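Participant: Reminder that position 100 of the sequence shown reads as 100 in UniProt numbering, one-by-one numbering, no gaps.
Quick one: this structure, given as C-alpha cells, is what I'll be asking you about.
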Amino acid sequence: MTQSSEANETKSRPRRLLADKVYHTLFSRISNGDYPVNQRMPSEHHLSEELGVSRPVLRSALEKLRKEGMIYARQGAGNFVRAPSVSPVGFARVETLADIQRCYEFRLNLETTSAVLAAERHNKAILTDMEEALEMMRTATGSLVHREDADFAFHIAIAKASNNHYFETAMRALREHIYVGMQMHGQSLLNEGGKALYHVFEEHDEIYQAIKNHDSQLASSLMRAHLEHSRDRLFGGGLIDLTMPDQ
Numbered sequence: 001m002t003q004s005s006e007a008n009e010t011k012s013r014p015r016r017l018l019a020d021k022v023y024h025t026l027f028s029r030i031s032n033g034d035y036p037v038n039q040r041m042p043s044e045h046h047l048s049e050e051l052g053v054s055r056p057v058l059r060s061a062l063e064k065l066r067k068e069g070m071i072y073a074r075q076g077a078g079n080f081v082r083a084p085s086v087s088p089v090g091f092a093r094v095e096t097l098a099d100i101q102r103c104y105e106f107r108l109n110l111e112t113t114s115a116v117l118a119a120e121r122h123n124k125a126i127l128t129d130m131e132e133a134l135e136m137m138r139t140a141t142g143s144l145v146h147r148e149d150a151d152f153a154f155h156i157a158i159a160k161a162s163n164n165h166y167f168e169t170a171m172r173a174l175r176e177h178i179y180v181g182m183q184m185h186g187q188s189l190l191n192e193g194g195k196a197l198y199h200v201f202e203e204h205d206e207i208y209q210a211i212k213n214h215d216s217q218l219a220s221s222l223m224r225a226h227l228e229h230s231r232d233r234l235f236g237g238g239l240i241d242l243t244m245p246d247q
C-alpha cells in the first residue's frame, strides 16, 4: 500500500466508524418500530441534524440499511421502511435478572459455534467489519467509555462471518436482550475502573486474532471465556438457580 493510499485509508476510517454508529442507531429504531413498516423515514436533513453527522456519513449508513433490505428509496419521496422478507424470530421481553442469565446461557451455545464457523469461513471484508468495531471499542476504552453499539457490532460481525444466516438472524432478534446485559455489564466495568474495561477490550481483540488466524478451537474457547467472564462480572459469581420446581 502506498503512502497516499494509507493516508486516504486513515482519513476514511473515522467516517466509516461514525457511519457504523449511525447505522446501528437507525437499525434499532426500525427494529423497535419507531419507524413503522412502509412509512416514510425522517428526511436526510432532519436525521443528519438530529444525529449530529454530515450528509455523506448519514448516506453511507442508509446505503448499508438498503443493502440489508431494511429500507428502500422512492424517487423524490425519500426512504421507507421495508416489511421483513422473512418472519422475524420472536423472543419474550427481558423482565428479570433470570432472563438476562438465560440470554447468556443461549449466547454461550450460539456464539461459540458461530466463532468456530467464522474462523473457518471468514473473508477479508468481514474481517474489516470486525476491525472497525474493535477500533470503536479501542477509542471508547481509551476514553473510559463502554460502547454497546461497538460491542454488538463486533459480535454480529462474527455471526455474519459464519456465512450461515440463521446465526445472524438469531443475534439480530436478540439485539435488545443483549443490549440490556451489555449495558449492565458496561456499568460494572466502569465501577471497577479502566483496567477492567481494557481487559474486556483485550478479550475481543484475542477473539478477532484467533478468527483471523483460522484457529477455530481457540476462537471458540476464547468466546466462551469472554461470555462467561461477562456473565460472572454481572452476577458476581452468584448465578440464579433455574431449576424447574416440582409439580
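Beta carbons are placed, not taken as given, at the ideal position from N, Cα and C, and that holds for glycine.
Computed from a predicted model, the values in this text were never measured in an experiment.
Taking 8 Å as the cut-off, decide whether the C-beta atoms of L234 and M171 are in contact.
Facilitator: Taking the sequence shown and counting its residues from 1, the one referred to as residue 234 is at position 234. Taking the sequence shown and counting its residues from 1, the one referred to as residue 171 is at position 171. Their beta carbons are not under 8 Å apart, which means L234 does not touch M171 by this criterion.
Participant: Please classify G238: does DSSP put it in a helix, a strand, or coil?
Facilitator: By one-based count along the sequence shown, residue 238 stands at place 238. Reduced to three states, the DSSP call for G238 is coil.
Participant: Roughly how many angstroms lie between the CA atoms of N79 and R40, to the nearest whole one?
Facilitator: Here residue 79 is taken as the residue at index 79 of the sequence shown, counted from 1. Here residue 40 is taken as the residue at index 40 of the sequence shown, counted from 1. Rounded to whole angstroms, N79 to R40 spans 6 Å at the Cα level.
Participant: What are the boundary residues of the alpha helix (DSSP H) that includes V81?
Facilitator: Locating residue 81 in the sequence shown gives position 81, counting from the first residue. That residue, V81, is in no alpha helix (DSSP H); its beta strand (DSSP E) goes G78 to V81.
Participant: If you check the beta carbons only, do N98 and V57 fall under 8 Å apart?
Facilitator: For the purposes of this step, residue 98 is taken as the residue at position 98 of the sequence shown. For the purposes of this step, residue 57 is taken as the residue at position 57 of the sequence shown. The sequence shown places Ala at residue 98, not Asn. Not a contact, by the Cβ cut-off of 8 Å.
Participant: Which first and last residues belong to the alpha helix (DSSP H) in which R107 is found?
Facilitator: Along the sequence shown, read from residue 1 onward, the residue named residue 107 stands at position 107. R107 -> alpha helix (DSSP H) spans L97 to R121.
Participant: Below 8 Å on the Cβ atoms is my contact criterion, and I expect A61 with V22 to pass it. Report the Cβ-Cβ distance as a whole number of Å.
Facilitator: Start at 1 with the first residue of the sequence shown, and residue 61 comes out as number 61. Start at 1 with the first residue of the sequence shown, and residue 22 comes out as number 22. Between V22 and A61 the Cβ distance is about 4 Å, and since that is below 8 Å, they are a contact.
Participant: On the three-state DSSP scale, how would you describe Y166?
Facilitator: Within the sequence shown, numbered from 1, the residue matching residue 166 stands at position 166. Looking at Y166 - three-state DSSP - the assignment turns out to be helix.
Participant: Between the alpha carbons of H199 and D151, how many angstroms are there, rounded?
Facilitator: On the sequence shown, residue 199 is found 199 positions in, with the first residue counted as 1. On the sequence shown, residue 151 is found 151 positions in, with the first residue counted as 1. The straight-line gap from Cα to Cα measures roughly 14 Å.
Participant: Taking the CB atoms as reference points, tell me whether V81 and N38 lie closer together than 8 Å.
Facilitator: One-based indexing of the sequence shown puts residue 81 at position 81. One-based indexing of the sequence shown puts residue 38 at position 38. Taking 8 Å as the Cβ cut-off, V81 and N38 qualify as a contacting pair.
Participant: Starting from the Cα of K212, find the closest Cα among E132, G181, G193 and L127 and give me that residue.
Facilitator: In the sequence shown, residue 212 corresponds to position 212, counting from 1. The shortest Cα separation from K212 among E132, G181, G193 and L127 belongs to L127.
Participant: Let me know the secondary structure DSSP gives Y72 once reduced to three states.
Facilitator: Here the question's residue 72 lines up with position 72 in the sequence shown. Note: Y72 maps to strand in three-state DSSP.
Participant: Hey, which unbroken runs of the alpha helix (DSSP H) at 4 residues or more fall wholly within the stretch 141 to 204?
Facilitator: The qualifying runs are 148 to 161, 165 to 173 and 175 to 192.
Participant: Please name the residue or residues paired with R40 in a DSSP beta bridge.
Facilitator: Locating residue 40 in the sequence shown gives position 40, counting from the first residue. According to DSSP, R40 bridges with F80.
Participant: Determine whether the beta carbon atoms of I156 and E148 lie at a separation below 8 Å.
Facilitator: Taking the sequence shown and counting its residues from 1, one reaches residue 156 at position 156. Taking the sequence shown and counting its residues from 1, one reaches residue 148 at position 148. Contact: no.
Participant: Please tell me whether L153 and H146 are closer than 8 Å, where the distance is taken between their beta carbons.
Facilitator: Mapped onto the sequence shown, residue 153 falls at position 153. Mapped onto the sequence shown, residue 146 falls at position 146. Correcting the residue identity first, residue 153 is Ala in this sequence and not Leu. Not closer than 8 Å, so no.
Participant: Can you give me the C-alpha to C-alpha distance between E228 and Q101, rounded to a whole angstrom?
Facilitator: Numbered from its first residue, the sequence shown carries residue 228 at position 228. Numbered from its first residue, the sequence shown carries residue 101 at position 101. Taking the straight line from one Cα to the other gives about 11 Å.
Participant: Go to S60, then tell me how far its alpha helix (DSSP H) extends in each direction, as first and last residue.
Facilitator: In the sequence shown, the residue the question calls residue 60 occupies position 60. Here the alpha helix (DSSP H) through S60 covers R55 to K67.
Participant: Taking Cβ to Cβ, would you say M182 is nearer than 8 Å to A115?
Facilitator: Start at 1 with the first residue of the sequence shown, and residue 182 comes out as number 182. Start at 1 with the first residue of the sequence shown, and residue 115 comes out as number 115. Contact: no.
Participant: With the cut-off set at 8 Å, would you say A119 and D215 are in Cβ contact?
Facilitator: Along the sequence shown, read from residue 1 onward, the residue named residue 119 stands at position 119. Along the sequence shown, read from residue 1 onward, the residue named residue 215 stands at position 215. A contact, by the Cβ cut-off of 8 Å.
Participant: For the putative contact between A210 and A219, defined by C-beta atoms under 8 Å, what is the C-beta separation to the nearest angstrom?
Facilitator: On the sequence shown, position 210 is the one that residue 210 refers to. On the sequence shown, position 219 is the one that residue 219 refers to. Confirmed, about 4 Å.
Participant: Assuming M137 and H204 are in contact, meaning their beta carbons sit under 8 Å apart, how far apart are those beta carbons, in whole angstroms?
Facilitator: Residue mapping note: residue 137 aligns to position 137 of the sequence shown, counting from 1. Residue mapping note: residue 204 aligns to position 204 of the sequence shown, counting from 1. About 6 Å separates the two Cβ atoms, so the contact holds.
Participant: Nearest by alpha-carbon distance to E206: which of R55, S188, S221 and M244 is it?
Facilitator: The residue you call residue 206 lines up with position 206 of the sequence shown. Of the listed residues, the one whose Cα sits closest to E206 is S221.
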